[in-house]
Amino acid sequence: MSLSYQIQRAIYQFWPAKQGLFTSGQVQTLGKTFSWVYDCGTSSKVAILDQPIKEMKQSLPNERLDLLAISHFHKDHKSGIDRLRKDITIENILLPYYSLWQRLVMAVLLGYEGKDLIEYIYPLQALHKKGIKAKNVIIVTKNLKSAKPT
């Protein structure tokens, strides 16, 4: 089976936010637009993301984001997600897989305590508790050969 699409337009945007940033983009084919965001955070005050997030949302077709990809769970990569999710629908969230022991070790090495520690150890529960939901959550494993397409 062969799939072929003619890309009409591709947009890639960097949104700086002092100590952090996020990127977004869209790929438009005949009659369809795929929109995505990669990370969304800053280690500065989160309010610095308000204007870039607002501008990015204005470009979304039907207030719908097809993919939110989070590279890892440091503050400067995720602190703006709560603001990003307001007033839009997120279809898919892409997360990296780390075993529980890896998350524990990383959290301790990073000096996380209290609420930050719990969120780092249990990222899916933290997203859900903040009201960040998607139709699908995709966890990327290290061994891509064993991953089965859905």
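If you read the sequence shown in my numbering, its first letter stands for residue 990, the second for the next number, and so on. Positions of the beta carbon are idealized from the N, C-alpha and C atoms, including for glycine.
- Message: Measuring only the C-alpha atoms, how far is S1013 from L1054?
- Response: Going from the Cα of S1013 to the Cα of L1054 covers about 10 Å.
- Assign L1099 to one of three DSSP states: helix, strand, or coil. DSSP places L1099 in the coil class of the three-state scheme, outside both helix and strand.
- Message: Report the CB separation of I1107 from L1093 in whole angstroms; it is logged as a contact under 8 Å.
- Response: The C-beta distance from I1107 to L1093 rounds to 11 Å, too long to meet the 8 Å contact threshold.
- Exposed or buried, which one is T1139 when buried takes at least 16 other CB atoms within 10 Å? Any reading at T1139 must be qualified, since the residue scores a pLDDT of 45, below 50, and its modelled position is unreliable; the value itself is stated next. Within 10 angstroms of the beta-carbon of T1139 lie fewer than 16 other beta-carbons, which makes it exposed.
- Item | Alpha carbon of A999 to alpha carbon of V1016, nearest angstrom | Computed Cα separation, rounded: 5 Å.
- Given Q997 as reference, the closest of W1004, V1097, T1022 and F1003 once Cα atoms are compared: If we check each option's Cα against that of Q997, T1022 comes out closest.
- Item | Bridge partners - A999, DSSP secondary structure assignment | By DSSP's assignment, A999 forms a beta bridge with V1016.
- Do you know offhand how far S1088's Cα is from V1129's? Our two residues, S1088 and V1129, have alpha carbons roughly 12 Å apart in a direct line.
- Query: Which full runs of the alpha helix (DSSP H) of 4+ residues lie inside the segment 1042–1090, going along the chain?
  - Reply: Here the runs fully enclosed are 1064–1067 and 1070–1073.
- Item | 8 Å CB neighbourhood of P1041 in its chain, flanking five on each side removed | Taken in chain order, the residues that qualify are W1004, P1005, A1006 and F1011.
- Task: Would you tell me roughly how many angstroms separate the C-alpha atoms of I1059 and A1036, rounded to the nearest one?
- Result: Those two C-alpha atoms are separated by around 19 Å.
- Item | Local conformation of Y940 per DSSP, three classes | Summary: the structure shown does not reach residue 940, with the chain confined to residues 990 through 1139, and so no result is reported for it.
- Message: Determine whether the beta carbon atoms of E1080 and K1124 lie at a separation below 8 Å.
- Response: It is a contact, given that the beta carbons lie within the stated cut-off.
- Secondary structure at I1121, three-state DSSP: helix, strand or coil? In the structure shown, I1121 sits in coil (DSSP, three-state: anything other than H, G, I, E or B).
- Task: Following the continuous beta strand (DSSP E) through K1034, name the residue where it begins and the one where it ends.
- Result: Looking at the DSSP string, K1034 is not in any beta strand (DSSP E), and its letter there is neither H nor E.
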